[in-house]
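With numbering that gives the first Met the number 0, the residue at position 14 of the sequence shown is 13, and numbering never jumps. Don't be surprised by glycine CBs; every beta carbon is placed ideally from N, CA and C. Computed from a prediction, not measured in an experiment: that's the story for all the values here. Note sheet for the following structure.
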Amino acid sequence: MDRNSKDKRLKCMICSLCVILIIFSCADKKNRYGINFNNQRSIIKLPLLDSSWKYSPSYTSEGGTWVNPQKKDGVPCYFQKRNLIKNNRIIWESDIYLGGKTYMTIDGSIRESLTITYYFEKKKWEYVYHTAKRNYNSSWKSHTNLTHPGKYFRPSKVKIMRPTSPK
Numbered sequence: 000m001d002r003n004s005k006d007k008r009l010k011c012m013i014c015s016l017c018v019i020l021i022i023f024s025c026a027d028k029k030n031r032y033g034i035n036f037n038n039q040r041s042i043i044k045l046p047l048l049d050s051s052w053k054y055s056p057s058y059t060s061e062g063g064t065w066v067n068p069q070k071k072d073g074v075p076c077y078f079q080k081r082n083l084i085k086n087n088r089i090i091w092e093s094d095i096y097l098g099g100k101t102y103m104t105i106d107g108s109i110r111e112s113l114t115i116t117y118y119f120e121k122k123k124w125e126y127v128y129h130t131a132k133r134n135y136n137s138s139w140k141s142h143t144n145l146t147h148p149g150k151y152f153r154p155s156k157v158k159i160m161r162p163t164s165p166k
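Shown next, in the form of structure tokens:
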């Protein structure tokens, strides 16, 4: 074989490899995060999502929200899951649980809630634990910064842990 044909074969192999890598990098994100991600979620001990949950994508960033349609007043439940995805990689996930107690204030009714946010890194993950009372008559902002108290959350306890990631 002459030098020219070897160069052509090498260029074809490199182009083919690039095409294969591009095809695999264009996979659907919904299959990686959410209900189809339950096997991986169970390995790292995150709550699993039921098939009745409804997904709505975020209009301000990559990611979205899963909502439990079976939420009832006065019954504690796993209410909502939010996430943020950047460059096809999950950055954080938040689980929101609602308590059974509802309180009346001047602004309206407030229901107890618990929010746990998981931040994923390449080799470690951490979570932030919040208990809060949320005013449901207020307008809700998508992806509210959960680590700072404000109009939407009044944290009473914050705990940050950084365990090593499971294998």
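Would you list the residues sitting across from Asn82 in a DSSP beta bridge? Taking the first residue of the sequence shown as position 1, residue 82 is located at position 83. Looking at the DSSP assignment, Asn82 forms a beta bridge with Gly63 and Glu92.
Could you have a look at Leu47 and say whether DSSP puts it in helix, strand or coil? Position 48 of the sequence shown holds residue 47. It is coil, neither helix nor strand.
Which class does Ile105 belong to by DSSP, given the choice of helix, strand or coil? Counting from 1 along the sequence shown, the entry for residue 105 is found at position 106. Correct three-state label for Ile105: coil.
Comparing C-alpha positions only, which one of Asp6, Ser112 and Asn86 sits nearest to Tyr77? On the sequence shown, residue 77 is found 78 positions in, with the first residue counted as 1. With distances taken between Cα atoms, Tyr77 lies closest to Ser112.
Rounded C-alpha distance that separates Asn37 from Glu120: Indexing the sequence shown from 1 puts residue 37 at position 38. Indexing the sequence shown from 1 puts residue 120 at position 121. Using only the alpha carbons, I get a separation of about 19 Å.
Compare the C-alpha of Lys85 against each of Cys14, Tyr118, Met12 and Lys5 and name the closest. By one-based count along the sequence shown, residue 85 stands at place 86. The shortest C-alpha separation from Lys85 is found at Tyr118.
Any idea what DSSP makes of Ser15, helix, strand or coil? In the sequence shown, the residue the question calls residue 15 occupies position 16. Ser15 falls in the helix class under three-state DSSP.
Whose C-beta lies closer than 6 Å to the C-beta of Arg8 among residues of the same chain, with five residues either side of it excluded? Walking along the sequence shown from the start, residue 8 turns up at place 9. Nothing meets the Cβ criterion.
Quick check on Ser4: does DSSP put it in helix, strand or coil? Counting from 1 along the sequence shown, the entry for residue 4 is found at position 5. Three-state DSSP puts Ser4 in a helix.
Cβ separation of Ile168 and Asp94, assumed to be a contact under 8 Å, to the nearest whole Å: This structure cannot speak to residue 168, because the chain is shown only from 0 to 166.
Using the C-alpha atoms, what's the distance from Trp91 back to Asp72? The sequence position of residue 72 within the sequence shown is 73, counting from 1. The sequence position of residue 91 within the sequence shown is 92, counting from 1. Their backbone Cα atoms lie some 28 Å apart in a straight line.
Cβ shell of Ser41 (< 7 Å), same chain only, five flanking positions each side left out: Within the sequence shown, the letter at position 42 stands for residue 41. Once the five neighbours on either side are set aside, the close Cβ partners of Ser41 are Leu47.
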